[in-house]
Amino acid sequence: MSKDNLRDGRVKNWFYLENDLLDREDLTIYEKTVYIVIARYVNGENKAFPSYETIAKK
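Quick note on numbering: the sequence shown equals residues 590 to 647 in my numbering.
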């Protein structure tokens with residue numbers, strides 16, 4: 590990925606996920622999943638603060 594920034598591209602009940610994330614071979618499926626969960630919580634200021642408990646549950 591060219592940037593390590595999260596972005597909020599959500600409209601209603603979905604969000605954008607960069608194809609590059611799925612193509613990265615240096616990340617495990619678990620690391621990719623954590624990224625995806627965090628991306629679900631990005632706010633309008635490109636920040637996300639889900640708790641460890643929330644990440645683990647999702």
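Ideal Cβ placement from N, Cα and C applies to all residues, glycine included. Small disclaimer: the values here were computed from a predicted structure and weren't measured.
Item	Value
Suppose you measure from the CA of E614 to the CA of E620; what does that come to, to the nearest Å?	11 angstroms
Looking at C-alpha atoms only, which residue of L611, T643 and A628 is the closest neighbour of W603?	A628
Roughly how far, in whole angstroms, is the beta-carbon of I644 from the beta-carbon of V631, given that I think they are within contact range, below 8 angstroms?	Wrong, their Cβ atoms sit about 13 angstroms apart, outside the cutoff.
May I ask you to report which of helix, strand or coil DSSP gives D609?	helix
Under three-state DSSP, which class holds Y630?	coil
Hey, would you say N635 sits closer than 8 angstroms to N608, going by beta carbons?	no
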